[in-house]
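S.K.:
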Amino acid sequence: METSAKKTVIANWKMNPQTWAEAEQILDFVNDYLESRNEKEFSLVFCPPFVFLEEVGKILKTSHFEHEASLGAQDIFWEDSGADTGEVSGPMLSKLGVQYVIVGHSERRWKLGESDDVVNKKLKAVLRNEMIPVVCVGERVRDDSFKEVLKEQVEKTFAGLSHDELERCIIAYEPVWAISTNPNARPDTPESAIESIKIIRDFLTFNFQLSTFNFLYGGSVTSKNVADFIRQKEIDGVLVGGASVNKEEFVKILSLIK
Ligand code: PGA
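Each residue of the sequence shown is one higher than the last, beginning at 36 in this note's numbering.
(1) Keeping to the same chain, check which residues put their C-beta closer than 7 Å to that of glutamine 32; ignore five residues upstream and five downstream.
(2) Compute the beta-carbon to beta-carbon distance between glutamine 109 and proline 84, rounded to the nearest angstrom, for a pair I have assumed lies under 8 Å.
(3) Residues bridged to lysine 42 by DSSP?
(4) Spatial neighbours of phenylalanine 238 within its chain, please: CB distance less than 6 Å, with the 5 preceding and 5 following residues excluded, ordered by chain position.
(5) Taking only the alpha-carbon atoms, compute the straight-line gap between isoleucine 94 and alanine 104 and give it to the nearest angstrom.
(6) Please classify leucine 158: is it buried, with 16 or more other beta-carbons within 10 angstroms of its beta-carbon, or exposed?
(7) Residues in its own chain within less than 7 Å of glutamate 200 by CB, not counting five upstream and five downstream?
(8) Cα separation between valine 91 and glycine 125?
(9) According to DSSP, what are the bridge partners of cysteine 82?
(10) Strictly by DSSP, which residues pair up with alanine 220?
(11) Any heavy atom of ligand 1 within a distance shorter than 7 Å of the CB on alanine 46?
(12) What residue range is occupied by the uninterrupted alpha helix (DSSP H) comprising valine 261?
(13) For phenylalanine 248, does the three-state DSSP call read helix, strand or coil?
(14) Going by the beta-carbon positions, is the gap between glycine 139 and leucine 106 smaller than 8 Å?
(15) Helix, strand or coil for serine 227 per DSSP?
(16) Three-state secondary structure (DSSP) at serine 258?
(17) For proline 168, does the three-state DSSP call read helix, strand or coil?
(18) Please classify leucine 289 as buried or exposed, where buried requires at least 16 neighbouring CB atoms within 10 angstroms.
(19) Please list, in chain order, all residues of the same chain as aspartate 223 whose beta carbon is under 6 Å from its beta carbon, the five residues on each side excluded.
(20) Which residue's Cα is closest to the Cα of glycine 195: Thr43, Asp151, Val286, Glu183?
(21) Hey, how far is the Cα of lysine 287 from the Cα of asparagine 73?
(22) Quick check: serine 116 and asparagine 164, are their CB atoms within less than 8 Å of each other?
(23) Roughly how many angstroms lie between the CA atoms of isoleucine 205 and aspartate 271, to the nearest whole one?
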């Protein structure tokens with residue numbers, strides 16, 4: 036949403052922290068920070084592992100998080116009910132107060148083999164259950180083919196969605212080669228992130244006549260580079276992974292969102 040002044044910051048905790056006590060410490064620390072800051076130019080979303088969702092949800096309804104932070108999930112199953120061992124459905128998430136769901140994260144695409152088709156089904160499950168999908172897309176390597184790779188991924192990921200459904204999506208551009216868990220990760224530059232965002236935007240504008248977008252950048256976002264990304268008008272927020280479970284670093288990131 037290029038018109039929205041408020042930036043979105045999504046904390047993707049991934050499979051961290053290891054204990055609820057540590058999770059509480061992160062939330063307490065961020066809560067104290069929010070208390071000390073009058074103007075908040077961001078909307079905050081916490082995406083903890085499934086096992087912490089309910090407790091995080093309770094904390095977000097209290098103190099300074101109230102009206103400031105929302106609950107998000109890191110994944111969803113595409114069916115709403117059934118015999119699906121290990122899976123978590125949209126109705127289960129929505130009953131817990133989950134408002135955002137990440138789909139298509141590169142760790143699921145590449146480590147667990149989730150195809151564009153699976154991501155597409157999960158995306159539709161999020162929409163069907165009236166939550167907001169945070170749809171991750173991004174090339175694995177920045178070589179000569181990256182534009183075609185991105186277009187194909189976007190085409191398959193969003194296949195069959197209506198214009199209105201697409202407007203409800205947040206699109207997180209996450210170049211896989213820049214994600215901190217990649218052993219050779221190096222942060223992207225705002226210029227090349229914008230080049231990719233434009234490719235995705237033009238594709239969606241042409242194919243879905245979409246004119247309103249909400250693009251996040253994710254890929255080794257830290258307090259050192261967040262300001263460079265966030266000041267770009269094409270970038271509406273950030274999806275922070277590794278740095279979001281380091282409480283001091285995460286609060287530093289928040290302090291730089293203007
Ligand atoms: P990172 O992860 O910030 O640790 O690179 C981003 C993400 O994977 O969502």
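C-beta: ideal position from N, C-alpha, C; glycine also.
M.R.: Reading off the structure:
(1) What is shown of the chain runs 36 to 293, which leaves residue 32 out entirely.
(2) For the purposes of this step, residue 109 is taken as the residue at position 74 of the sequence shown. For the purposes of this step, residue 84 is taken as the residue at position 49 of the sequence shown. Between proline 84 and glutamine 109 the Cβ distance is about 7 Å, and since that is below 8 Å, they are a contact.
(3) Numbered from 1 along the sequence shown, position 7 holds the residue referred to as residue 42. DSSP lists Phe77 as partners of lysine 42.
(4) Start at 1 with the first residue of the sequence shown, and residue 238 comes out as number 203. Contacts found: Lys186, Val189.
(5) Counting from 1 along the sequence shown, the entry for residue 94 is found at position 59. Counting from 1 along the sequence shown, the entry for residue 104 is found at position 69. Isoleucine 94 and alanine 104: Cα-Cα distance of roughly 10 Å.
(6) In the sequence shown, the residue the question calls residue 158 occupies position 123. Buried: at least 16 other Cβ atoms inside 10 Å.
(7) Locating residue 200 in the sequence shown gives position 165, counting from the first residue. Same-chain partners within the cutoff: Leu162.
(8) In the sequence shown, the residue the question calls residue 91 occupies position 56. In the sequence shown, the residue the question calls residue 125 occupies position 90. Near 18 Å, if we compare the C-alpha coordinates of glycine 125 and valine 91.
(9) Walking along the sequence shown from the start, residue 82 turns up at place 47. BP columns for cysteine 82 point to Asn47.
(10) Working through the sequence shown from its first residue, we reach residue 220 at position 185. Paired residues: none, contrary to the question.
(11) Looking up residue 46 in the sequence shown gives position 11. False, no ligand heavy atom lies under 7 Å from that Cβ.
(12) Taking the sequence shown and counting its residues from 1, one reaches residue 261 at position 226. Where valine 261 is concerned, the enclosing alpha helix (DSSP H) stretches over 261 to 265.
(13) Here residue 248 corresponds to residue number 213 of the sequence shown, with the count starting at 1. Note: phenylalanine 248 maps to coil in three-state DSSP.
(14) Taking the first residue of the sequence shown as 1, we reach residue 139 at position 104. Taking the first residue of the sequence shown as 1, we reach residue 106 at position 71. No, these two residues do not count as a Cβ contact at 8 Å.
(15) Position 192 of the sequence shown, counted from the start, is the residue given in the question as residue 227. In this structure, serine 227 counts as helix in the three-state DSSP scheme.
(16) Here the question's residue 258 lines up with position 223 in the sequence shown. Note: serine 258 maps to coil in three-state DSSP.
(17) By one-based count along the sequence shown, residue 168 stands at place 133. Three-state DSSP puts proline 168 in a strand.
(18) Your numbering for residue 289 matches position 254 in the sequence shown. It counts as buried.
(19) For this step, residue 223 is matched to residue 188 along the sequence shown. Result list for aspartate 223: Pro210, Ala213, Gly254, in chain order.
(20) Along the sequence shown, read from residue 1 onward, the residue named residue 195 stands at position 160. It is Asp151.
(21) One-based indexing of the sequence shown puts residue 287 at position 252. One-based indexing of the sequence shown puts residue 73 at position 38. One C-alpha to the other measures close to 16 Å.
(22) As a first step, residue 116 must be located in the sequence shown, where it is residue number 81. As a first step, residue 164 must be located in the sequence shown, where it is residue number 129. Not closer than 8 Å, so no.
(23) Locating residue 205 in the sequence shown gives position 170, counting from the first residue. Locating residue 271 in the sequence shown gives position 236, counting from the first residue. The straight-line gap from Cα to Cα measures roughly 9 Å.
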